[in-house]
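Student:
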Amino acid sequence: MSEAEEMRIDPTRAQALISQLSSVKERVNGLANGRNVRLVAVSKLKPANDVLALHQAPISHQHFGENYTQELAQKAQLLPKTIQWHFIGGLQSGHCKALAKIPNLFCVSSVDTLKKAALLDTARGALLSSDPALPKLSVHVQVNTSGEEAKSGCAPGDETVALCREIINSCPNLHLLGLMTIGAIARSKATTAETENEDFITLKGQRDLVANELGLEDGRLELSMGMSEDFEGAIVLGSGEVRVGSTIFGIRPAKADAKIKE
């Protein structure tokens with residue numbers, strides 16, 4: 001029996017999680033106008049039991065996001081390989097190899113330098129050589145749309161275009177899925193379905209710039225933008241992926257108090 005099969009799931013907790021995820025899905029679908037918008041349930045600092053409760057029937061959610069490399073790797077070992085993991089935290093060069101070798105890592109959403117892209121590419125290539133049936137590793141290029149010094153991401157314009165070009169031309173084991181931003185907190189809090197977020201507008205413009213500069217067809221690059229407080233506004237502006245955590249899982253514990261498994 002696997003560790004996932006032995007994992008205890010509290011029925012009351014599971015029902016609450018299912019209800020909260022279902023509510024978010026309804027809100028996403030209500031604004032998507034028939035588009036497929038990927039909902040990444042951000043499970044950082046929450047136990048693997050919570051993830052399993054949402055991955056198994058009846059809701060069978062697939063896409064989960066984590067901010068910390070070690071936590072993601074531990075959960076990926078514990079939980080079914082049918083989960084599609086997303087790394088959405090600040091990407092460190094020293095963690096690229098470990099991340100890219102997780103077989104069911106769907107996407108790294110915070111690539112902001114060619115060095116990190118190259119490290120991911122090399123490590124994924126080694127994995128693919130041993131298991132050619134696995135897919136390429138999808139990546140988003142992170143754009144610093146707010147211009148905040150504390151934020152990671154490429155500067156809009158030439159820097160973003162150049163990194164996208166290099167990933168497409170020089171990283172055969174990666175798939176450039178699109179562009180991602182986190183944006184300014186104040187703008188996020190002010191965003192509604194009716195109130196446009198400046199960061200989202202900027203990212204949309206960057207996507208169009210990259211597509212034009214690199215000769216990519218319409219729809220080739222997705223936008224990943226929008227979190228718990230502002231995902232509705234992001235969808236209205238065309239986001240193809242939203243990352244929602246606390247609205248689904250509730251308030252997170254302090255990192256020191258978090259448990260991988262209950």
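The UniProt record's numbering numbers the first residue of the sequence shown as 1 and each following residue consecutively.
C-beta: ideal position from N, C-alpha, C; glycine also.
When you compare only the Cα positions, how much space is there between residue 103 and residue 45?
Tutor: Between residue 103 and residue 45, the C-alpha separation is close to 21 Å.
Student: So residue 70 is in the alpha helix (DSSP H); what residue range does that whole segment cover?
Tutor: 69-78 is the extent of the alpha helix (DSSP H) around residue 70.
Student: For residue 251, is the classification buried or exposed, using 16 other Cβ atoms within 10 angstroms of its Cβ as the cut-off for buried?
Tutor: Residue 251 comes out exposed.
Student: Which complete beta strand (DSSP E) runs does the segment 95-145 hold, if anything under 3 residues is left out?
Tutor: The qualifying runs are 105-111, 137-142.
Student: Specify the secondary structure class of residue 228 as computed by DSSP and reduced to three states.
Tutor: Coil.
Student: Between the Cα of residue 113 and the Cα atoms of 43, 47, 171, 76, which residue gives the shortest distance?
Tutor: Minimum Cα distance to residue 113 is reached at 171.
Student: List the whole-angstrom C-beta distance separating residue 203 from residue 210, where the pair is believed to meet the contact cut-off of C-beta under 8 Å.
Tutor: Residue 203 to residue 210, Cβ: 10 Å. No contact.
Student: Does the structure place the segment 4-15 close enough to the segment 47-54 that three or more beta carbon pairs sit under 8 Å?
Tutor: Enough Cβ pairs lie closer than 8 Å, so yes.
Student: So, under 8 Å CB-CB, residue 224 and residue 109 are touching, yes? Tell me the CB distance rounded to an integer number of Å.
Tutor: That pair is a contact at about 6 Å.
Student: So the candidates are 99, 116, 95, 196; which of them puts its Cα closest to the Cα of residue 85?
Tutor: Among 99, 116, 95, 196, the Cα nearest to that of residue 85 belongs to 99.
Student: Rounding to the nearest angstrom, what Cα-Cα distance links residue 68 and residue 87 in this structure?
Tutor: The alpha-carbon atoms of residue 68 and residue 87 are separated by roughly 8 Å.
Student: Can you tell me which of 39, 130, 169 puts its alpha carbon nearest to the alpha carbon of residue 216?
Tutor: Checking every option, the nearest Cα to that of residue 216 belongs to 169.
Student: Below 7 Å between beta carbons: does that hold for residue 65 and residue 243?
Tutor: Yes; because the gap between Cβ atoms is below 7 Å, this pair is in contact.
Student: If you run the structure through DSSP and keep just helix, strand and coil, what is residue 175?
Tutor: Residue 175: strand per DSSP, three-state reduction.
Student: Per DSSP, which residues does residue 210 bridge with? Please list them.
Tutor: Paired residue(s): none; residue 210 is not in a bridge.
Student: For the segment 121-131 against the segment 140-151, do three or more pairs of beta-carbon atoms, one drawn from each stretch, fall closer than 8 Å, so that the two count as touching?
Tutor: Too few Cβ pairs lie closer than 8 Å, so no.
Student: When we look at the beta-carbon of residue 201 and count the other beta-carbons within 10 Å, is it buried (16 or more) or exposed?
Tutor: Residue 201 should be labelled exposed.
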